[in-house]
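Report on the structure given below.
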Amino acid sequence: MPAVVGIGAFPVDYRLADPAGWGRLRGPLAAAGIDVTIGGETLLPARMRLDPAEAGTVDTITLGGPAFTALAALRHLDPTLPLGVVGMAGQVPAGVTPIRTTLDDLQIDTRFLFAADAPAQKCLTLPGPDGQQTLLTQPGATTALPDHLAAQRAALVDYLAGARIIHLTSVPGTQAAAALLDLLGAVHARQPSITISIDPGFWAASPDPTVSALLALGSLLHLTPAQCTALAQRRAADPPGQGHVDAAHSILARLAEPATVVLREPGGALLTRDLGEDLETTVYRHDPLPAGQILTPTAGALFAAGILTATLRGDPQPGPDLGDALARHALHHPGPSAYAAFPALAREHLGETPTSPAASHPATEARRPGSAVPRHIPNALTGGRDLHACLLMAWDLLGHRTRLTLDEADTIIEPQPRVQPRPSAMLAWLAGTDHDVEHVEALDIDAFTQAPQVRASRDLAREAATLRRGLAAGVVFQDRTPDLQDAARRIKDGWIGMIHLQHPRSTVLLTAIDGDDAVLQVPGPPAQWDWHAPRQFVEDSLRVGRPPASITYIRPRHHPAPATAPRTPMTGRATPGLLGSPTEVQDAG
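Heads up: the sequence shown begins at 1 in the numbering used here, then just goes up one per residue.
Shown next as structure tokens:
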């Protein structure tokens, strides 16, 4: 259940070391009748041979493209944020890490990354003055994407409708826009509140009405001045400033409502929002950078990542400052090492805790009408506390009037440093506190507890010991892949379901089955309360990952279905600590 899904081309990016390569390519391109956009992106026909080595010395060969760059930035900004991707994985040259492997290493869901025998899309980046970049792109395997989108349309609609944000970047090919319009139109019809973020790239200058209709689905548009001018159908000679404000307003009038247009410029940015009865424009001033640097696709993708991060937290307005900081840092620290500073930059611009004014996960959230959950507890913004949050919410739902605290949950779960917590110790503790506990997982519990495997990422001997404690306490283990076949009956009989997903690694609370939907409490980030997720989508998610997902069912032993615990404040109230002295009730942050 990704929070953000990136859709786009995933090219192999060849960056030349010096501008001399342009001279070598000028003749062949002119002979082929190709008009190159200096400082922009030019699409080359599939029939034209593009050998980067013939253009000069290749400085770097990496996986690139704005969709990948934005997703990689989001991953480093939040290691626990569920991310997914839709695109093509073509063949890469020897010595280059395969596209799927790169995304898997970033823990990005690749179930809709389609494989192709054709070479991956190529993008040749030619440096110019002031950091200016001219891009030559050959689609390669990306041309097969429309066929895959059509073949997997129903599954993709289910998948995308469960996201908070879909981030779409330009995809070459004559059929791509039509296929994406059909797919995203269906997603928008099913889930009108979803944010469709679009970085249009070369689409901004396209006269194709299909492209115009696709861009009109956007509720968050990321633009350069040239793209803003092209989309607003204004003269290129329009001066910056108020002219771009007017252009942004005219673009907003054609987008899905409510919508936001973000315009990045060498010396700042504009963020214009449709607030219903009025338009709001915020002007940001940044230290000027050469246009050739800040307006490159890479800088634009990092700028967009800042906007997306702020949007996920409920307010896009801090996004341009964060995006500028990310892009500026990457320009001065090229390469993967740039990502290491991203979390600190996010804390600087968005705040450190969920109670920050820029956050969308307040420590106390009002109970929604019809919700059975007495208190909604979000995960920490830095992640790693989703199991804690689900345990606290489940404990309330089980009818206990003395509430668990975060410190107590930490003692119960026994997390290991730098490892996503597993429920093993929690199972033993719950069974030992007068609860029926059944855990469904495709795991031979007897074999595992007798001879745990050695794995560097986790102390499995320690986990086996906690599972033996669970067996002794009466935990029932079912060795099978979990599903929701009997979930409705179990919930009616007083059980609470805790779903432990493997890809992305997260824990969510199952509180109801409503027709064809499963009602979930998702600690996040981003948090989603009383989320009606398509039941089939949840079933599919249970089968993803190795090992696959698991479900823990809990209910009070010898007790009927639990009553809802009375609501009390989640912060600042001393409660008797179940494991010792009084502690403070707090959110999972």
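Glycine is no exception: its CB is placed at the ideal position from the N, C-alpha and C atoms.
About 7 Å separates the Cβ atoms of residue 112 and residue 159, confirming a contact at the 8 Å cut-off. Comparing alpha-carbon positions, the option among 210, 466, 346 lying closest to residue 474 turns out to be 466.
For residue 278, the closest alpha carbon among the candidates 36, 209, 406, 258 is that of 258.
Listed as beta-bridge partners of residue 284 by DSSP are 269.
The beta carbons of residue 438 and residue 425 sit no closer together than 8 Å.
Counting other Cβ atoms within 10 Å of its Cβ, residue 283 stays below 16 and is therefore classed as exposed. Per DSSP, residue 202 lies in no beta strand (DSSP E) segment and is marked neither H nor E. Closest in alpha carbon position to residue 217, among 227, 230, 197, 121, is 197. Exclusion of the five residues before and after residue 115 leaves 89 as the residues of its chain whose Cβ lies within less than 6 Å of its Cβ. Distance from the CA atom of residue 246 to the CA atom of residue 320, rounded to whole angstroms, is 19 Å. Every alpha helix (DSSP H) stretch that sits fully inside the region 101 to 164 and reaches 4 residues is listed by chain position as 145 to 151, 153 to 161.
The beta carbon of residue 10 sits closer than 6 Å to the beta carbons of 65, 68, 87, 99 from its chain, once the five residues preceding and following it are set aside; these are given in chain order. With a minimum length of 4 residues, the unbroken runs of alpha helix (DSSP H) contained wholly in the region 485 to 548 fall at 487 to 492, 535 to 542. In this chain, the beta strand (DSSP E) harbouring residue 89 covers 83 to 91. Pairing residue 46 with residue 143 gives a Cβ-Cβ distance under 8 Å. Comparing alpha-carbon positions, the option among 299, 429, 306 lying closest to residue 333 turns out to be 299. A Cβ-Cβ distance of about 4 Å is found for the pair residue 512 and residue 519, placing them in contact under the 8 Å criterion.
Between the alpha carbons of residue 403 and residue 395 lies a gap of roughly 7 Å. 8 Å or more divides the Cβ of residue 12 from the Cβ of residue 163. When secondary structure is reduced to three states using DSSP, residue 250 falls in the helix class. Straight-line spacing of the CA atoms in residue 485 and residue 109 works out to 25 Å.
Between residue 117 and residue 91 a beta carbon distance of about 7 Å is seen, short of the 8 Å cut, so the two are scored as contacting.
Cα atoms of residue 35 and residue 264: separation of roughly 26 Å, rounded to the nearest angstrom. Linking residue 348 to residue 213 through their CA atoms gives a straight-line distance of about 38 Å. A Cβ-Cβ contact shorter than 8 Å links residue 72 with residue 106.
The beta carbons of residue 222 and residue 208 sit no closer together than 8 Å. Within the region 401 to 485, the complete beta strand (DSSP E) segments at least 3 residues long are 435 to 441, 476 to 479, listed from N- to C-terminus.
In terms of Cα proximity to residue 226, the closest of 534, 248, 127, 375 is 248. Inter-residue distance for residue 285 and residue 261 is about 17 Å (C-alpha atoms, whole angstroms). In the displayed model, residue 209 falls within a helix according to three-state DSSP. For residue 319, the uninterrupted alpha helix (DSSP H) run begins and ends at 319 to 332, by DSSP. Residue 468 is positioned such that its CB atom lies no closer than 8 Å to that of residue 481. Cβ contact annotation for residue 440 (same chain, cutoff 7 Å, sequence separation greater than five): 478, 480, 482, 550, 551, in chain order. Residue state for residue 309 is assigned as helix, using DSSP reduced to three classes. Here the alpha carbons of residue 32 and residue 204 stand approximately 24 Å from one another.
By the Cβ neighbour-count rule, residue 557 is exposed, with fewer than 16 other Cβ atoms within 10 Å of its own.
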